[in-house]
Amino acid sequence: MKKLNRRHFLFCSAAYLGSAATAKAFWPLAITKSAVSATGDIRGKVFKGDAPKKMWEWSHEGFLYKKLENNKVRCDICPNRCKLSPGDRSVCRSKVNMDGILYTLTYGNPCSVNIDPIEKKPLFHFKPRTKAFSIATAGCNFRCLNCQNWEISQAKPHEVRHRELYPADVIDAVLRYDTPSIAYTYSEPITFFEYMIDTARLARENGVHNLLISNGYINRKPLLELCKVLDGANVNLKSLSDDIYRKLNGGRLQPVLNTFKTLHEQGVHFEMTNLVVPGYVDDEDMVKKMCQWILENLGPNYPLHFLRFFPKYKLDRLPPTPLSTLIRFRQLAMDEGIRYVYVGNASYREGNNTYCHNCKKLLIERLGYIIPTYDLDGERCKYCRTVIPGRWT
Ligand code: SF4
């Protein structure tokens, strides 16, 4: 082991003590339920009279909206069903009513464009080792206190840096970079439904896969349209409590559960993500109930990821999720009968690997986004020939 000299030792000690002091000052030792319940319903409201005076290049008439009396409109994409008078802006900040017509302001102007490993989404049972061309525009239909991407999700389209990339340009770029999938991700793709579905239809015609990374807060009709061109999804199941959905996320539980049922019924491969937020979503009974709901309604085969929370946005004074909690939840979910349960945002090797649910042998070893071991033969376990759920080839 490398020896520390005196100066280095003093520097490290000071840094350690400093961080410990910060931890004490900012992170309460115990997070009480009463502290949590003090937060009210944070569901978003429409922004009255906040629409821009003029349309811009990336305005496009909305899909699936209804014209009402007095030039009002109602967007029917998500359960918020924003009712907008002329000049109003939607809850998700990306739609406006201009003279009785609903416009999206995010058609072809993504604020984030990256090529990511598919494992980052996370999608562990969908074409491992491939890349996804990932796009997002500004806006979200939720108000999560812990949002990791609040700079773009809680912004209006003109407040973020963006670039012009219409659906045909996205496909050109995808083919040029030879990425097999497009991921609609980072902020909330449901709020840029029009841009997403036009791009997804074009992608399907060109043999490119479509992946939705989402909070699942969408109405059935647009979801059914999307399912026609969707190849995979990762949808957050933030908790199994409507109360927590209202107070932590600014949404409702039931529409998200409906989304899971629809994806299941339509045969779309999906994985579920649960961010374990201390004091909000770290209740063992709730996790048990969540697993039971999954088993009863969706079966044991859809992968479930428990993600580690890190202090962010309005919850920057909470501690990160203890690793022991994540390990306990993984075991609990597997004991309940869910076959593939992972731990994310944490260095815990067993929780990143895929083991055959039948013979328990290691099939896929993951070191971050690197996969040193891959022992699937097509869609089967190489050892016992059991079919492993997912889209592998
Ligand atoms: S997608 Fe946006 S505009 Fe449409 S209902 Fe949802 S929050 Fe409102």
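Quick note on numbering: the sequence shown equals residues -25 to -1, 1 to 368 in mature numbering (1 follows the signal peptide of the UniProt record, and there is no 0).
Think of the CB as a built atom: it goes at the ideal place given N, C-alpha and C, for glycine as much as any other residue.
It should be emphasised that the depicted structure is a prediction, and the values quoted were computed from it without experimental measurement.
Taking 6 Å as the line, does the beta carbon of residue i fall inside it for any heavy atom of the ligand SF4?
i: Asn233; result: no
i: Arg56; result: yes
i: Ser156; result: no
i: Ser65; result: yes
i: Thr105; result: no
i: Ile52; result: yes
i: Asn116; result: yes
i: Thr300; result: no
i: Thr79; result: no
i: Lys70; result: yes
i: Thr112; result: no
i: Thr166; result: yes
State buried or exposed for residue i, treating a residue as buried only when at least 16 other CB atoms are found within 10 Å of its CB.
i: Ala5; result: Confidence at Ala5 is low in this model, with a pLDDT of 40, below 50, so the placement of that residue should be treated as unreliable; the coordinate-derived value is given next. With fewer than 16 other Cβ atoms within 10 Å, it is exposed.
i: Gln267; result: exposed
i: residue 387; result: Nothing in the structure corresponds to residue 387, since the chain is present only between -25 and 368.
i: Glu143; result: For the record, residue 143 in the displayed sequence is Ala; it is not Glu. Exposed, since its Cβ has fewer than 16 Cβ neighbours within 10 Å.
i: Asn190; result: buried
i: His133; result: exposed
i: Ser322; result: exposed
i: Gln129; result: buried
i: Glu163; result: buried
i: Lys236; result: exposed
i: Val243; result: buried
i: Asn147; result: Correcting the residue type first, residue 147 is Asp in the shown sequence and not Asn. Classification of Asp147: exposed, given that the 10 Å Cβ count is below 16.
i: Tyr40; result: buried
i: Thr368; result: exposed
i: Asn272; result: exposed
Could you give the DSSP three-state label for residue i: helix, strand or coil?
i: Glu271; result: helix
i: Ile188; result: strand
i: Lys28; result: coil
i: Asn89; result: strand
i: Cys266; result: helix
i: His100; result: coil
i: Lys23; result: coil
i: Val66; result: coil
i: Ser128; result: helix
i: Ile52; result: coil
i: Tyr78; result: strand
i: Arg366; result: strand
i: Glu94; result: helix
i: Glu36; result: strand
i: Ala113; result: coil
i: Asn72; result: strand
i: Leu150; result: helix
i: Asn209; result: strand
Quiz prompt | Uninterrupted alpha helix (DSSP H) stretches inside the segment 276 to 337 (no shorter than 4 residues) | solution = If we require 4 residues or more, the alpha helix (DSSP H) runs fully inside the segment 276 to 337 come out as 298 to 311, 324 to 327.
Quiz item: Would you say the segment 216 to 232 touches the segment 80 to 95, given that touching needs at least three Cβ pairs under 8 Å?
Solution: no
Quiz item: Which residue spans inside the segment 158 to 206 form an unbroken beta strand (DSSP E) run of at least 3?
Solution: 184 to 189
Quiz item: Counting Cβ pairs closer than 8 Å, one from the segment 338 to 355 and one from the segment 92 to 107, do we hit at least three?
Solution: yes
Quiz prompt | Complete beta strand (DSSP E) runs within the segment 333 to 364 (minimum length 3 residues, chain order) | solution = 337 to 342, 345 to 349
Practice problem: Return the chain-ordered ranges of every beta strand (DSSP E) run that is complete within the segment 212 to 264 and spans a minimum of 3 residues. | Solution: 244 to 251
Quiz item: Quick one: any contact between the segment 230 to 240 and the segment 255 to 265, if contact means 3 or more CB pairs under 8 Å?
Solution: no
Quiz prompt | Three-pair Cβ contact test at 8 Å for the segment 198 to 211 versus the segment 182 to 189 | solution = yes
Self-check item: Contact between the segment 60 to 67 and the segment 24 to 38 (3+ Cβ pairs under 8 Å)
Solution: As far as the Cβ criterion goes, the segment 60 to 67 touches the segment 24 to 38, which means the pair count is three or higher.
Self-check item: At least 3 beta-carbon pairs within less than 8 Å: the segment 290 to 304 vs the segment 70 to 80
Solution: When Cβ pairs closer than 8 Å are counted between the two stretches, the segment 290 to 304 is seen not to touch the segment 70 to 80, the count staying below three.
Quiz item: Is the segment 241 to 260 touching the segment 278 to 294 in the sense that three or more CB pairs, one from each, lie closer than 8 Å?
Solution: yes
Exercise. Mind the definition here: the segment 147 to 159 touches the segment 316 to 332 only if three or more C-beta pairs lie below 8 Å; say whether that holds.
Key: At 8 Å Cβ cutoff, the stretches do not touch.
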